[in-house]
Amino acid sequence: QFHQDHPFNQLRVYVTYDLLNTVGAFEPGETIAPRIATEAELGLVHTGDYIKAVQLAGAGKLPAAESENYGLGTEDTPVFAGMHE
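Residue numbers (the numbering used here): 8 to 92.
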């Protein structure tokens, strides 16, 4: 899970959305529900090696030394169960 001050903290997302919605920043039908990206979509912005590393890290199967090669396990990108999902 991301730490409280991390930009990806879900509370920040909810508060930002609520503020934008309150001030009328969205037109009706302008927002859509999120969905899980496909492997092909992830591959448009990440290498296959990185995607596999995230999958393994989230399953607790990526050694710490290898995590560091991908920038995983840091304060900015902590490793947590199910992080690939």
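Note that CB positions come from ideal geometry on N, CA and C, so glycine has one too.
Could you give the distance in angstroms between the alpha-carbon of residue i and the alpha-carbon of residue j?
i, j, result
"residue 52", "residue 18", "25 Å"
"residue 40", "residue 73", "34 Å"
"residue 21", "residue 50", "27 Å"
"residue 60", "residue 77", "7 Å"
"residue 33", "residue 48", "26 Å"
"residue 85", "residue 36", "34 Å"
"residue 89", "residue 28", "30 Å"
"residue 31", "residue 44", "28 Å"
Taking the alpha-carbon of residue i as reference, which of the options has the nearest alpha-carbon?
i, options, result
"residue 63", "30, 33, 87", "87"
Can you round the beta-carbon distance between residue i and residue j to whole angstroms, since I take them to be within the 8 Å contact cut?
i, j, result
"residue 58", "residue 46", "7 Å"
"residue 65", "residue 91", "5 Å"
Problem - Given 8 Å, three or more beta-carbon pairs between the stretch 30-48 and the stretch 59-76 - result: no
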